[in-house]
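Engineer: Can you keep this structure in mind? I'll have questions shortly.
Numbering (UniProt numbering), first residue to last: 1 to 594.
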């Protein structure tokens with residue numbers, strides 16, 4: 001007798017497979033719970049700290065859905081069972097041709113659960129019906145168990161946020177593969193996500209030290225945000241990455257609900273008739289929030305909503321006389337219509353970057369910032385000393401004296417007429433020497449070159465194949481730009497972490513007092529990325545060698561070489577040219593005896 005039977009489309013089959021892949025991050029087994037209005041697929045990890053649930057709506061997700069309740073099923077109005085996740089993945093996994101955008105050969109998928117109390121084995125039958133008329137049948141053995149669900153009270157979860165899954169998907173790529181924990185905190189109208197690990201190592205090498213990645217998002221990037229300041233909520237990075245990756249496949253926004261650290265946190269999103277919920281155990285502590293009677297909140301909501309939510313954070317219970325009269329506070333739910341993220345300008349659009357016109361965009365070397373322009377020269381002339389002004393006055397008076405005597409001006413402007421007179425006649429010792437005969441440097445130019453000599457700067461280059469990058473490192477405020485753009489906008493995005501390697505290895509404190517500007521030309525995208533990272537690494541080492549000390553320079557050099565020697569040493573391998581008598585450099589033409 002069939003207890004449950006339903007049919008799904010090829011697109012729904014792919015969504016079930018994505019859900020099974022996500023559930024595999026939490027456990028090896030999945031539990032099915034069938035009701036008259038929905039089918040729920042759940043998973044619970046062994047330590048019972050993470051719970052995932054996918055509820056499939058009977059009217060939206062399925063083509064056909066029938067559930068027959070019987071007295072033999074658990075509870076009468078529901079049916080529960082447990083299967084191996086890998087077995088279900090092998091059934092619902094599509095072909096490689098479907099992933100490349102081709103049309104699926106499957107017309108529909110029929111699933112039935114047959115329960116026979118008088119038999120020892122119960123089967124879950126899955127039939128894949130193709131468009132050509134062929135049917136492929138799978139028979140899986142399931143186990144009748146009691147499904148456990150995680151309880152979460154949303155009425156007490158007064159804090160949370162909502163953001164597009166596409167935004168989070170871009171930033172989770174920066175989390176290290178060996179990081180374990182994720183710390184979420186709100187401060188200064190920003191949300192800070194920090195991935196870290198608690199493992200300690202005995203080695204002193206750079207690669208053995210734990211890596212922390214900090215990502216800061218402005219509250220304007222969130223569709224809704226309400227969180228207490230300086231409240232640290234810590235969850236697992238692996239679980240958070242699984243949630244964001246699956247939410248990105250559905251294309252819906254992610255909502256987070258939580259109240260205090262060490263209390264459960266829940267992520268929720270839904271689309272295409274699939275409602276997904278994750279409940280995680282959290283850790284963390286209060287720094288300033290628990291001690292203050294009126295905690296501060298970083299929020300995008302109105303002030304009236306803040307005041308209604310703030311009293312719920314205090315651990316003191318309300319008076320017993322008011323509990324029966326006062327209704328419970330309203331839930332700050334995320335189900336209300338919120339403004340779309342596409343209508344609000346993103347974080348990159350809000351930060352207006354000044355546009356500087358490059359006088360020579362094709363040049364590889366960078367000029368000094370506003371040093372050769374007319375305004376800088378005028379400022380240099382204003383700052384010249386009193387002696388320089390006297391020299392200018394004497395120079396002007398000598399020119400005026402020469403202009404008054406035509407013969408003298410004619411003598412100085414006469415050109416030689418013969419080859420033997422091409423060299424000017426040197427004046428005798430008793431002849432008066434005019435100011436024009438003495439070579440002088442302009443006082444403005446002298447002040448400019450003195451200013452150039454006082455500036456601390458070095459210029460290095462990096463090469464990879466045909467790409468060349470020139471880095472100009474000088475004393476500054478920790479800015480790094482490539483072709484006039486910040487380092488975080490280097491393309492391609494998938495190789496952007498290679499440009500970050502010199503900064504991550506040496507630390508941000510080594511780049512805090514310098515500005516590095518890079519100009520790169522030639523080659524492809526990959527070659528330019530490797531040329532940029534080499535130019536940045538060589539410039540910071542050269543700057544420390546020239547202006548700091550030799551010991552610090554050796555420490556930076558050893559750290560970079562220990563990670564990757566190509567950060568400082570260019571790859572001298574080149575393609576060997578073709579030789580005569582063969583199609584390549586070494587191969588020879590074969591001898592034909594015919």
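All residues carry an ideal CB built from backbone N, CA and C; glycine is no exception.
Model, not experiment: these values are computed from the prediction.
Which of the three DSSP states is assigned to residue 229 in this structure?
Structural biologist: In the chain shown, the residue the question calls residue 229 occupies position 229. It is a strand residue.
Engineer: If you scan the stretch 236-303 from start to end, which runs of the beta strand (DSSP E) of 3 or more residues do you find wholly inside it?
Structural biologist: 253-258, 265-271, 274-280 and 297-299
Engineer: For residue 588, which of helix, strand or coil comes out of DSSP?
Structural biologist: The count along the chain shown starts at 1 and reaches residue 588 at position 588. Residue state, collapsed to three classes: coil.
Engineer: Out of 51, 36 and 79, state which residue places its alpha-carbon closest to the alpha-carbon of residue 64.
Structural biologist: On the chain shown, position 64 is the one that residue 64 refers to. Nearest option by C-alpha distance: 36.
Engineer: Alpha carbon to alpha carbon, how far is residue 267 from residue 88?
Structural biologist: On the chain shown, residue 267 is found 267 positions in, with the first residue counted as 1. On the chain shown, residue 88 is found 88 positions in, with the first residue counted as 1. About 25 Å.
Engineer: Whole angstroms are fine: how far does the CA of residue 161 sit from the CA of residue 226?
Structural biologist: Stepping through the chain shown from its first residue, residue 226 is reached at position 226. Stepping through the chain shown from its first residue, residue 161 is reached at position 161. Between residue 226 and residue 161, the C-alpha separation is close to 6 Å.
Engineer: Please report the straight-line C-alpha distance between residue 50 and residue 238, rounded to a whole angstrom.
Structural biologist: Residue numbering aside, residue 50 sits at position 50 when the chain shown is read from its first letter. Residue numbering aside, residue 238 sits at position 238 when the chain shown is read from its first letter. Between residue 50 and residue 238, the C-alpha separation is close to 11 Å.
Engineer: Could you give the distance in angstroms between the alpha-carbon of residue 554 and the alpha-carbon of residue 55?
Structural biologist: For the purposes of this step, residue 554 is taken as residue 554 along the chain shown, with counting starting at 1. For the purposes of this step, residue 55 is taken as residue 55 along the chain shown, with counting starting at 1. A direct Cα-to-Cα measurement between residue 554 and residue 55 gives close to 59 Å.
Engineer: Rounded to the nearest angstrom, what separates residue 137 and residue 152 at their Cα positions?
Structural biologist: If you number the chain shown from 1, residue 137 lands on position 137. If you number the chain shown from 1, residue 152 lands on position 152. Residue 137 and residue 152: Cα-Cα distance of roughly 39 Å.
Engineer: Helix, strand or coil, according to DSSP, for residue 502 in the structure here?
Structural biologist: One-based indexing of the chain shown puts residue 502 at position 502. Residue state, collapsed to three classes: helix.
Engineer: Quick one: what does DSSP say residue 14 is sitting in, helix, strand or coil?
Structural biologist: As a working note, residue 14 is residue 14 in the chain shown. Residue 14: helix per DSSP, three-state reduction.
Engineer: Considering only the beta carbon of each residue, do residue 4 and residue 79 sit closer than 8 Å?
Structural biologist: On the chain shown, position 4 is the one that residue 4 refers to. On the chain shown, position 79 is the one that residue 79 refers to. Yes, these two residues count as a Cβ contact at 8 Å.
Engineer: Let me confirm a value: residue 134 is counted as buried when at least 16 other C-beta atoms fall within 10 Å, else exposed. Which label applies?
Structural biologist: As a working note, residue 134 is residue 134 in the chain shown. Exposed: under 16 other Cβ atoms inside 10 Å.
Engineer: Give a yes or no on whether 8 Å exceeds the smallest Cβ distance from residue 218 to chain C.
Structural biologist: Here there is only one protein chain, and chain C is not present.
Engineer: Output needed for residue 252: all residues of its chain with C-beta closer than 8 Å, excluding positions within five of it in sequence on either side, in chain order.
Structural biologist: If you number the chain shown from 1, residue 252 lands on position 252. Correct list, in chain order: 165, 269, 270 and 271.
Engineer: Which value, in whole angstroms, describes the spacing of the CA atoms of residue 127 and residue 520?
Structural biologist: In the chain shown, residue 127 corresponds to position 127, counting from 1. In the chain shown, residue 520 corresponds to position 520, counting from 1. Rounded to the nearest angstrom, the two C-alpha atoms are 57 Å apart.
Engineer: Indicate the three-state DSSP secondary structure (helix, strand or coil) for residue 640 in the structure shown.
Structural biologist: The structure shown does not extend to residue 640, since the chain is modelled only from 1 through 594, so no value can be given for it.
Engineer: Quick one, which of 262, 223, 170 and 224 has its alpha-carbon nearest residue 244's?
Structural biologist: The residue given as residue 244 occupies position 244 in the chain shown. Ranking the options by Cα distance to residue 244, first place goes to 170.
Engineer: Leaving out the 5 sequence neighbours to the left and right, which residues in its chain are closer than 6 Å to residue 515 when beta-carbon positions are compared?
Structural biologist: Reading the chain shown from its first residue, position 515 is the one you call residue 515. Around residue 515: 474, 476 and 479.
Engineer: Which term fits residue 494, buried or exposed, when burial requires 16 or more other beta carbons within 10 angstroms of its beta carbon?
Structural biologist: In the chain shown, residue 494 corresponds to position 494, counting from 1. With fewer than 16 Cβ atoms within 10 Å of its Cβ, residue 494 is classed as exposed.
Engineer: Determine the extent of the beta strand (DSSP E) in which residue 79 is found, giving its start and end residues.
Structural biologist: Here the question's residue 79 lines up with position 79 in the chain shown. Where residue 79 is concerned, the enclosing beta strand (DSSP E) stretches over 79-84.
Engineer: Have a look at 181, 18 and 518 and flag the residue whose alpha-carbon is nearest the alpha-carbon of residue 198.
Structural biologist: Within the chain shown, residue 198 is the residue found at index 198, counting from 1. It is 181 whose Cα lies nearest to the Cα of residue 198.
Engineer: Take residue 278 as the anchor and find which of 242, 196 and 186 has the nearest alpha-carbon.
Structural biologist: Stepping through the chain shown from its first residue, residue 278 is reached at position 278. When only C-alpha atoms are compared, the closest one is 242.
Engineer: Which parts of the stretch 490-545 are runs of the beta strand (DSSP E), unbroken and 3 residues or longer, counting only runs that do not cross its ends?
Structural biologist: 514-521
Engineer: Go ahead and label residue 535 buried or exposed: buried means 16 or more other beta carbons lie within 10 angstroms of its beta carbon, across all protein chains shown.
Structural biologist: Here the question's residue 535 lines up with position 535 in the chain shown. Result: buried.
Engineer: Which first and last residues belong to the alpha helix (DSSP H) in which residue 558 is found?
Structural biologist: What you label residue 558 is simply residue 558 of the chain shown in a count that begins at 1. Residues 550-563.
Engineer: By how many angstroms is the C-alpha of residue 95 removed from the C-alpha of residue 596?
Structural biologist: The structure shown does not extend to residue 596, since the chain is modelled only from 1 to 594, so the question has no answer here.
Engineer: Helix, strand or coil for residue 88? Go by DSSP, reduced to three states.
Structural biologist: Position 88 of the chain shown holds residue 88. Residue 88: helix per DSSP, three-state reduction.
Engineer: Terminal residues of the continuous alpha helix (DSSP H) containing residue 170?
Structural biologist: Translated into the one-based positions of the chain shown, residue 170 becomes position 170. First-last of the alpha helix (DSSP H) with residue 170: 165-171.
Engineer: Can you find the residues in the same chain that come closer than 6 Å, C-beta to C-beta, to residue 52, ignoring five residues on each side of it along the sequence?
Structural biologist: Sequence index remark: in the chain shown, residue 52 carries index 52 (1-based). The residues are 23, 26, 43 and 278.
Engineer: Anyone know if the C-beta pair for residue 163 and residue 222 falls short of 8 Å?
Structural biologist: Your numbering for residue 163 matches position 163 in the chain shown. Your numbering for residue 222 matches position 222 in the chain shown. Yes, the Cβ-Cβ distance between residue 163 and residue 222 is below 8 Å.
Engineer: Which ranges would you report for the beta strand (DSSP E) in the stretch 117-162 if only whole runs of at least 3 residues count?
Structural biologist: Within the stretch 117-162, the beta strand (DSSP E) runs of at least 3 residues that lie entirely inside it are, in chain order, 123-130 and 135-141.
Engineer: Quick one: what does DSSP say residue 4 is sitting in, helix, strand or coil?
Structural biologist: For the purposes of this step, residue 4 is taken as residue 4 along the chain shown, with counting starting at 1. In this structure, residue 4 counts as strand in the three-state DSSP scheme.
Engineer: Are the CB atoms of residue 284 and residue 232 within a distance shorter than 8 Å?
Structural biologist: Here residue 232 refers to the residue found at position 232 when the chain shown is read from its first residue. Here residue 284 refers to the residue found at position 284 when the chain shown is read from its first residue. Going by beta carbons, residue 232 and residue 284 fall inside the 8 Å limit.
Engineer: What residue from 559, 115, 93 and 123 has the CA that sits closest to residue 109's CA?
Structural biologist: Mapped onto the chain shown, residue 109 falls at position 109. The candidate whose alpha carbon is nearest that of residue 109 is 93.
Engineer: I need the straight-line Cα distance from residue 18 to residue 249, nearest angstrom please.
Structural biologist: The residue you call residue 18 lines up with position 18 of the chain shown. The residue you call residue 249 lines up with position 249 of the chain shown. About 8 Å.
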